[in-house]
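Visitor:
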Amino acid sequence: MTSSRIIRLILDLRRGGIADTRVLAAIERVPRAFFLPDAFQDQAYEDVALPIGHGQTVSQPSVVARMTQALDVPERGKVLEIGTGSGYQTAVLARLCRRVYTIERHQPLLFEAEHRLEALKIRNVTTRCADGSRGWVTQAPFDRIIVTCAAPIAPEALAAQLVDGGVMIVPVGDVGRDQRVLRVERQGDDYKVDELWTVRFVPLVPQAPPPIQPEARV
Ligand code: SAH
925 MTSSRIIRLI LDLRRGGIAD TRVLAAIERV PRAFFLPDAF QDQAYEDVAL PIGHGQTVSQ
985 PSVVARMTQA LDVPERGKVL EIGTGSGYQT AVLARLCRRV YTIERHQPLL FEAEHRLEAL
1045 KIRNVTTRCA DGSRGWVTQA PFDRIIVTCA APIAPEALAA QLVDGGVMIV PVGDVGRDQR
1105 VLRVERQGDD YKVDELWTVR FVPLVPQAPP PIQPEARV
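Sequential numbering from 925 applies to the sequence shown in our numbering.
#1: Starting from E1005, follow its DSSP beta bridges and name the residues at the other end.
#2: Mark G1011 as exposed unless 16 or more other C-beta atoms lie within 10 angstroms of its C-beta, in which case mark it buried.
#3: Would R1022 pass as a contact of N1048 if the rule is Cβ separation under 8 angstroms?
#4: Give me the Cα-Cα distance between L1082 and A949, rounded to the nearest whole angstrom.
#5: Beta strand (DSSP E) containing L926: first to last residue?
#6: According to DSSP, simplified to helix, strand and coil, what is I976?
#7: Which of the three DSSP states is assigned to A1015 in this structure?
#8: Taking C-alpha atoms, which residue in L933, V987, F959 lies nearest to F1125?
#9: Excluding sequence positions up to five away, which residues of its chain have a Cβ less than 7 angstroms from the Cβ of V1016?
#10: Which residues in the same chain as Y1115 place their Cβ atom closer than 6 angstroms to its Cβ, once the five residues preceding and following it in sequence are excluded?
#11: Does the ligand SAH have a heavy atom nearer than 7 angstroms to the CB of V972?
#12: Quick check: the Cα distance between I1077 and A968, rounded to an integer number of angstroms?
#13: By how many angstroms is the C-alpha of R1104 removed from the C-alpha of L1120?
#14: Given A1018, which residues of its chain have a CB within under 7 angstroms of its CB, disregarding the five upstream and five downstream residues?
#15: So, under 8 angstroms CB-CB, G1007 and C1073 are touching, yes? Tell me the CB distance rounded to an integer number of Å.
#16: Exposed or buried, L935, counting other C-beta atoms within 10 Å across all chains shown (16 or more means buried)?
#17: I'd like the list of long-range same chain contacts for L1034, defined as Cβ closer than 7 angstroms, with 5 residues on each side in sequence excluded.
#18: List the endpoints of the continuous alpha helix (DSSP H) containing I951.
#19: Is any heavy atom in the ligand SAH found nearer than 7 angstroms to the beta carbon of R1124?
#20: My guess is that R990 and I942 are in contact by the Cβ rule of under 8 angstroms, so how many angstroms apart are they, rounded?
#21: State the DSSP-derived secondary structure class of L1041, mapped to helix, strand or coil.
#22: Under 7 angstroms Cβ to Cβ from D971, same chain only, skipping five residues before and after it: list those, please.
#23: Candidates Q1085, P1130, V1096: which alpha carbon is nearest D1113's?
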């Protein structure tokens, strides 16, 4: 049963060091299975990254939990997410803050994510199909920024869109190798950078994706 599988996942996350009860409660309330293709339903609550199409993956629940815990999302906060993907991390964030702004470069992925969020009646999310490495200037500043794809270097354009005291969590490093998850805190015109742990993410790709060929739609 799904609910017992979610509860087992929550217990595993607690054992793995996730102590923030708001984060655990948010994860408990988001059915990860709903964000996955049919072929991976049986693995939905296992601690594995899974394919979501277009060569992308939804992160492992333990990575989502650790990144979300490190983000320390304020209840009234405004959060920017780069890399909507399936919308799973977006849904978890939406349970924790006032509004999530999320950017995805693949239109079909974004379209599916929007439908899932709508079906789950999650309404405090604003989406955009664009290159997220530039952030979202017209909605800035943000209390928190989370990047769910690996950037080659800490993206300064994003850090500049934080409020003073705001925090960004971003994996940085080369693709195919371990990347360092950084916590960047804005302090006036300065940034305090701490390295949290290593992880493997799909890359942040700055250009727009190639247009979909008509035959690829069927
Ligand atoms: N958080 C997602 C997982 C994302 S995988 C989830 O919960 O499912 C990383 C995503 O980042 C992919 O969907 C990829 O298309 C997207 N991405 C990569 N580079 C990007 C960019 N420059 N701007 C926006 N999205 C980007």
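We put the beta carbon where it would ideally sit given N, CA and C, even for glycine. Bear in mind the structure is a predicted one, so any value in this text is a computation, not a measurement.
Guide: By the coordinates alone:
#1: T1026, I1070
#2: buried
#3: yes
#4: Rounded to whole angstroms, the separation of the alpha carbons of A949 and L1082 is 28 angstroms.
#5: Checking the sequence shown, residue 926 turns out to be Thr, not Leu. Here T926 belongs to no beta strand (DSSP E); instead the alpha helix (DSSP H) covers 926 to 939.
#6: strand
#7: helix
#8: V987
#9: A950, I951, V954, V988, T992
#10: A1083, V1108
#11: no
#12: 31 angstroms
#13: 7 angstroms
#14: V1024, I1046, N1048, V1049
#15: 4 angstroms
#16: exposed
#17: Closer than 7 angstroms at the Cβ level, and outside the excluded window around L1034, lie T1008, E1028, T1051, C1053.
#18: Annotation for I951: the continuous alpha helix (DSSP H) segment containing it runs 945 to 952.
#19: no
#20: 7 angstroms
#21: helix
#22: D936, Q984, P985, S986
#23: The shortest Cα separation from D1113 among Q1085, P1130, V1096 belongs to Q1085.
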